[in-house]
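> The opening residue of the sequence shown carries number 24 in this note's numbering; numbering runs sequentially from there.
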Amino acid sequence: MSFRFRNFKVYQDAKLLHKEIVVLVNTFPRNYWYLADQMKRSSLSIVLNIAEGSSKQSDKDFNRYIAISLGSVDEMVASLEIAFDQKLLSKEKLTYFQNCHESLSKQLGGFSKFLKS
24 MSFRFRNFKV
34 YQDAKLLHKE
44 IVVLVNTFPR
54 NYWYLADQMK
64 RSSLSIVLNI
74 AEGSSKQSDK
84 DFNRYIAISL
94 GSVDEMVASL
104 EIAFDQKLLS
114 KEKLTYFQNC
124 HESLSKQLGG
134 FSKFLKS
């Protein structure tokens, strides 16, 4: 087993961002458990799809998992906006996490292009 994904910066950044999201949602009131749960699952999906895709036999297959990760990034941004609308996080935190996810999205997009070449 190679675990080659551990060397990818995008994987490391996704793991760190997942950790930060878990810390954030643990501050949400209990009646927002559904949003907290969805945010944890979508941020984890980013990490796990990078890992799972790296074990595929072809770059084309790997790229499919990168696309799924990109979808999870968009899901996270939508979830963050909903959390902001519900006054669960400040404008500053929203902006911080949006910027982090934009950076992650750019890394995944660049990685996708690399896999296609």
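We put the CB at the ideal spot given by N, CA and C, even for glycine.
Between Val33 and the rest of its own chain, which residues show a CB-CB distance below 8 Å, the 5 nearest in sequence each way excluded?
Result list for Val33: Ile73, Leu127, Gln130, Leu131, Phe134, in chain order.
> Let me check understanding here. Comparing Cα to Cα, which of Ser68, Glu104, Pro52 lies closest to Ala90?
Ranking the options by Cα distance to Ala90, first place goes to Ser68.
> Is Leu111 helix, strand or coil when you go by DSSP?
It is coil, neither helix nor strand.
> What did DSSP end up calling Ser81 once you bin it into helix, strand or coil?
The answer is coil: DSSP assigns Ser81 none of H, G, I, E or B.
> Once the 5 residues before and after Ser65 are set aside, which same chain residues still bring their CB inside 6 Å of it?
Around Ser65: Ser95, Glu98, Met99.
> Evaluate the contact criterion for the region 105-112 versus the region 46-55: three or more CB pairs, one atom per stretch, below 8 Å.
Counting Cβ pairs under 8 Å, three or more are found: they touch.
> DSSP three-state call for Thr50: helix, strand or coil?
Looking at Thr50 - three-state DSSP - the assignment turns out to be coil, as it is neither helix nor strand.
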